[in-house]
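K.L.:
Pasting in a structure now, in structure tokens, and then I'll have a few things to ask.
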DNA sequence: ACTGATTTGTGCGTATGTATC
DNA sequence: TGATACATACGCACAAATCAG
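Chains as they are written, first to last, in the numbering used here: chain A, 4 to 248; chain B, 4 to 248.
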């Protein structure tokens, strides 16, 4: 592919590195380099624009400062993937949350299992430990990128029909609506960071060396009775949680 | 040190592993093993109680489930330190936050510097990029344990006196009060997870292999004008952020 | 970057006690 | 009494992670 280079004007009162910054910034904006893609090496780029590598680096540093690229020593320079703002509010619904941010939400069911409630789950749902819970495991996507792996817990005694409803409706909120639970909201949310288990890394298609953000939350109905205990594992490379008071 | 072992009763109608769970749980509760301390190896403990390692592991799994111990493959088993809940609310003040949770807050000043505002900082404070900001770097402690490393940014033009006030008062909120800013609140907070830089790991006295939780927030006055842009780096081993809607 | 030692994780085979039909 | 199923307990071996040198 032959690429016409934007012309650089020397002695025009605008520093070369600024012109470079503008030029490369525009190329990224136009999509000539795609998010996550590795840029040509500094040497190659400097050669292409016929400037010294130091000049190019000055421009690159500025682009990194602006958040357009990410420079990794020993690896290369990459077009920064836009980070997804995931709002933690009283009424957080996955799809709604993303589409409001201009993203295309997606997702798929991993599996639905029944298991005895572990201590944290039992505490969250307000049921005795060991009582049977229905667990719906999902993967959430934004613009085709996997961003979360969620385990949604429901007390079987109260919401045993959730599995069938989910299979019919295809989403948690729709399934709950089908069961007559229209108005639920998030009580408290705890946020922690840790390294992913092998399974979590696999579900998120991310290396085990990158940390994950985890949110644990309880959804309650109008009478403050627990409906769902959810654990969401977010790929920290793609997501930042936003708390709006 | 000679330690009398609680007696285990075989064929008594109570499974051996349950008796083990009770026994070790009580030893932890009595403080024979202190928070954070490594327990003897499974082999050693199994030997001491004269049971098979599998039996001991069954008991340990139960203790981990109860949150009393933390088992790390290749390292050992440790008495779980109580995790600190750090509330992210509209009026978050470090000391108040911790003492409300029954902790003894502490902290110390790392340094105070002036520097040109980077892009994120400038955007947060609503000032032009490159304008001078005063940065107060602090380390926060709870019960003597380092839990956070904070960089608090203030526009020099507006709050140039913050450095002197902080040195006088010893805390951010007191310094702001001394400058006549009594009533400020948190606008939005962004939370991310990543691996710490070498410097961050040093300030938090934690290994570089453990991730950190980072919160970026803007504090505004009554008229919604930005006062402070703060970046707090939390040791994820010790802190979980709690969002109360 | 490699090695060996330590420690937890996992699998399999066997034996025994307990509850049920 | 016997047959069956399940939980408990033990022994051995190896895998996987961690750490020090």
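Note that beta-carbon positions come from the ideal geometry of N, C-alpha and C, so glycine has one too.
These numbers were taken from a predicted model, which means no experiment stands behind them.
#1: Between B:247, B:30, B:129, B:120, which has its C-alpha nearest residue 137 of chain B's C-alpha?
#2: Can you check the segment 28-114 of chain A for any alpha helix (DSSP H) of at least 4 residues that lies completely inside it and give the ranges in chain order?
#3: What residues of chain A sit near residue 99 of chain B, judged by a beta carbon separation below 9 Å?
#4: Residue 255 of chain B by DSSP, collapsed to three states: which one?
#5: Give the secondary structure of residue 152 of chain A by DSSP, where H, G and I count as helix, E and B as strand, and everything else as coil.
#6: When Cβ atoms are compared, which residues of the segment 174-203 of chain B fall closer than 9 Å to chain A?
#7: So, helix, strand or coil for residue 127 of chain A, using DSSP?
#8: For residue 7 of chain B, is the classification buried or exposed, using 16 other Cβ atoms within 10 angstroms of its Cβ as the cut-off for buried?
#9: Alpha carbon to alpha carbon, how far is residue 92 of chain A from residue 247 of chain A? Give it in angstroms, no decimals.
#10: Going by C-alpha distance, which of B:244, B:237, B:12 is nearest residue 206 of chain B?
#11: Between which two residues does the alpha helix (DSSP H) holding residue 167 of chain A run?
#12: When you compare each of A:40, A:135, A:240 to residue 115 of chain A by their alpha carbons, which one comes out closest?
#13: Please decide whether residue 249 of chain A counts as near chain B, where near means a Cβ-Cβ distance under 8 Å.
#14: From this set, A:33, A:192, A:12, which residue's C-alpha is nearest residue 82 of chain A's C-alpha?
#15: Given a cut-off of 8 Å on the beta-carbon distance, is the pair residue 88 of chain B and residue 243 of chain B in contact?
#16: Using DSSP's beta-bridge definition, name the partner residues of residue 26 of chain B.
#17: Would you list the one or two residues that DSSP bridges to residue 158 of chain B?
#18: Could you check if residue 192 of chain A is buried or exposed, using at least 16 other CB atoms within 10 Å of its CB as the buried criterion?
#19: Counting along the chain, where does the alpha helix (DSSP H) carrying residue 3 of chain B start and finish?
#20: Would you call the segment 20-31 of chain B and the segment 58-68 of chain B in contact, with 3 or more CB pairs under 8 Å?
#21: On the DSSP bridge assignment, give the partners of residue 222 of chain A in chain order.
#22: Is the shortest distance between the beta-carbon of residue 82 of chain B and the beta-carbons of chain A less than 8 Å?
#23: Is there a C-beta anywhere in chain A that falls below 8 Å from the one on residue 70 of chain B?
#24: Below 7 Å on C-beta distance, what does residue 125 of chain B contact in chain A?
#25: What is the DSSP secondary structure of residue 247 of chain B, reduced to helix, strand or coil?
#26: Does DSSP put residue 175 of chain B in a helix, a strand or coil?
#27: Is the CB of residue 5 of chain B under 8 Å away from at least one CB in chain A?
#28: Helix, strand or coil for residue 13 of chain A per DSSP?
#29: List, in chain order, every chain B residue whose beta-carbon is nearer than 8 Å to that of residue 215 of chain A.
#30: Return no unless some Cβ of chain A is closer than 8 Å to the Cβ of residue 148 of chain B.
#31: How would you call residue 159 of chain B, buried or exposed, if buried means at least 16 neighbouring beta carbons within 10 angstroms?
#32: At the 8 Å Cβ level, is residue 151 of chain A part of the contact set with chain B, yes or no?
#33: Just to confirm my understanding: we take residue 124 of chain B, look at its own chain, exclude 5 residues before and 5 after, and list those with CB closer than 7 Å. What are they?
#34: Hey, how far is the Cα of residue 18 of chain B from the Cα of residue 130 of chain A?
#35: Can you give me the Cβ contacts of residue 186 of chain B inside the same chain, cut-off strictly under 8 Å, excluding the 5 residues immediately before and after it?
#36: What does residue 231 of chain B reach in chain A if we use C-beta pairs closer than 9 Å?
P.N.:
Well, looking at it:
#1: Reading the second chain from its first residue, position 134 is the one you call residue 137 of chain B. Nearest option by C-alpha distance: B:120.
#2: 45-52, 56-68, 97-103
#3: Here the question's residue 99 of chain B lines up with position 96 in the second chain. Residues of chain A passing the Cβ test: none, with the nearest at roughly 16 Å.
#4: No information on residue 255 of chain B is available, as it lies outside the stretch 4 to 248 that chain B covers here.
#5: Along the first chain, read from residue 1 onward, the residue named residue 152 of chain A stands at position 149. DSSP places residue 152 of chain A in strand when its eight states are reduced to three.
#6: 188, 189, 190, 191, 192, 193, 194, 195, 196, 197, 198
#7: In the first chain, the residue the question calls residue 127 of chain A occupies position 124. Assignment of residue 127 of chain A by DSSP, reduced to helix, strand and coil, places it in the helix class.
#8: Against the second chain, residue 7 of chain B aligns to sequence position 4. Only weak support is given to the placement of residue 7 of chain B: the predicted model assigns it a pLDDT of 49, under 50, and the question is left unresolved by the model.
#9: Translated into positions along the first chain, residue 247 of chain A becomes position 244. Translated into positions along the first chain, residue 92 of chain A becomes position 89. Near 7 Å, if we compare the C-alpha coordinates of residue 92 of chain A and residue 247 of chain A.
#10: Residue mapping note: residue 206 of chain B aligns to position 203 of the second chain, counting from 1. The candidate whose alpha carbon is nearest that of residue 206 of chain B is B:237.
#11: As a first step, residue 167 of chain A must be located in the first chain, where it is residue number 164. First-last of the alpha helix (DSSP H) with residue 167 of chain A: 165-172.
#12: Walking along the first chain from the start, residue 115 of chain A turns up at place 112. When each option's Cα is compared against that of residue 115 of chain A, the closest is A:135.
#13: Lying outside 4 to 248, the shown extent of chain A, residue 249 of chain A is not represented and no answer is given.
#14: Taking the first chain and counting its residues from 1, the one referred to as residue 82 of chain A is at position 79. The shortest C-alpha separation from residue 82 of chain A is found at A:33.
#15: Here residue 88 of chain B corresponds to residue number 85 of the second chain, with the count starting at 1. Here residue 243 of chain B corresponds to residue number 240 of the second chain, with the count starting at 1. Yes, Cβ-Cβ distance for residue 88 of chain B and residue 243 of chain B is below 8 Å.
#16: In the second chain, counting from the first residue as 1, residue 26 of chain B sits at position 23. Paired residues: none, contrary to the question.
#17: Your numbering for residue 158 of chain B matches position 155 in the second chain. In the DSSP output, where bridge partners are listed per residue, residue 158 of chain B has B:136.
#18: The residue labelled residue 192 of chain A in the question sits at position 189 within the first chain. Residue 192 of chain A is buried by the Cβ-count criterion.
#19: In this structure chain B extends from 4 to 248, so residue 3 of chain B is not present and cannot be described.
#20: yes
#21: Position 219 of the first chain, counted from the first residue, corresponds to residue 222 of chain A. A:189, A:231.
#22: For the purposes of this step, residue 82 of chain B is taken as residue 79 along the second chain, with counting starting at 1. By this cut-off, residue 82 of chain B is not an interface position.
#23: Here the question's residue 70 of chain B lines up with position 67 in the second chain. Chain A, which has a Cβ nearer than 8 Å to the Cβ of residue 70 of chain B, makes this yes.
#24: The residue you call residue 125 of chain B lines up with position 122 of the second chain. Per Cβ cutoff of 7 Å: no residues; residue 125 of chain B is ~10 Å from chain A at best.
#25: Counted from its first residue, the second chain places residue 247 of chain B at position 244. Three-state DSSP puts residue 247 of chain B in coil, outside helix and strand.
#26: One-based indexing of the second chain puts residue 175 of chain B at position 172. Helix, per DSSP.
#27: Working through the second chain from its first residue, we reach residue 5 of chain B at position 2. Summary for residue 5 of chain B: the model assigns pLDDT 45, below 50, so the residue's position carries little reliability, and this model does not support an answer.
#28: Taking the first chain and counting its residues from 1, one reaches residue 13 of chain A at position 10. Residue 13 of chain A falls in the coil class under three-state DSSP.
#29: The residue given as residue 215 of chain A occupies position 212 in the first chain. Result: 196.
#30: Counting from one through the second chain, the residue named residue 148 of chain B turns up at place 145. In terms of beta-carbon proximity, residue 148 of chain B stays away from the interface with chain A, with every pair separated by 8 Å or more.
#31: Position 156 of the second chain, counted from the first residue, corresponds to residue 159 of chain B. That one is buried.
#32: The residue you call residue 151 of chain A lines up with position 148 of the first chain. Put simply, the CB of residue 151 of chain A is far from chain B, with every gap to its CB atoms at 8 Å or more.
#33: Counted from its first residue, the second chain places residue 124 of chain B at position 121. Hits under 7 Å: 136, 156, 232.
#34: Here residue 18 of chain B refers to the residue found at position 15 when the second chain is read from its first residue. Here residue 130 of chain A refers to the residue found at position 127 when the first chain is read from its first residue. In a straight line, the C-alpha of residue 18 of chain B is about 25 Å away from that of residue 130 of chain A.
#35: Your numbering for residue 186 of chain B matches position 183 in the second chain. 224, 225.
#36: Here residue 231 of chain B is taken as the residue at index 228 of the second chain, counted from 1. None at all; the shortest Cβ gap to chain A is about 15 Å.
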